[in-house]
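Some notes on the structure that comes next.
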Amino acid sequence: MNRTVALLLLLLAGCSRPGSLEPNLAAEEGYFTGADSTRLFYRAIGRGRDTVVVVHGFQGNNQNYLAPDLLPLARGRTLLFYDQRGAGRSSPVSDPAQLG
Numbered sequence: 252m253n254r255t256v257a258l259l260l261l262l263l264a265g266c267s268r269p270g271s272l273e274p275n276l277a278a279e280e281g282y283f284t285g286a287d288s289t290r291l292f293y294r295a296i297g298r299g300r301d302t303v304v305v306v307h308g309f310q311g312n313n314q315n316y317l318a319p320d321l322l323p324l325a326r327g328r329t330l331l332f333y334d335q336r337g338a339g340r341s342s343p344v345s346d347p348a349q350l351g
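Sequential numbering of the sequence shown, starting at 252, is according to the numbering used here.
Given below as structure tokens:
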């Protein structure tokens, strides 16, 4: 019983996240308008010379769930998160051929 409880507590501890890992990182967010007038929401964190483009999975999702785990990469780099077409804060898409 004690082993089970200890294992459960250890697993739950791995699920917790601090509120703000990197409070001093520069952040910018806004919208980019593509050639087809679709507005894509983006968030850039950090100001490093190298840029890491972060692409979230699953249509209908957004990039928010990735940021807390990837913030340590922003030290010395720029992380560029964006919401894909029809996802998160980007414009909805009426034609499924525009997704992807």
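Glycine included, C-beta positions come from ideal geometry on N, C-alpha and C.
Distance between residue j and residue i (C-alpha atoms, nearest Å)
| i | j | result |
| --- | --- | --- |
| F283 | P347 | 20 Å |
| A338 | G299 | 27 Å |
With 16 other Cβ atoms within 10 Å as the buried cut-off, status of residue i
| i | result |
| --- | --- |
| S341 | buried |
| Y329 | The amino acid at residue 329 is misidentified as Tyr; the sequence shows Thr. That one is buried. |
| D334 | buried |
Beta-carbon gap between residue i and residue j smaller than 9 Å
| i | j | result |
| --- | --- | --- |
| G297 | R326 | yes |
| L276 | V305 | no |
| L324 | V303 | yes |
| G285 | F292 | no |
inquiry  = Ignoring anything shorter than 3 residues, give me the beta strand (DSSP E) runs that lie fully in the region 272–337, in order along the chain.
reply    = Qualifying beta strand (DSSP E) stretches, in chain order: 278–284, 290–296, 301–306 and 328–333.
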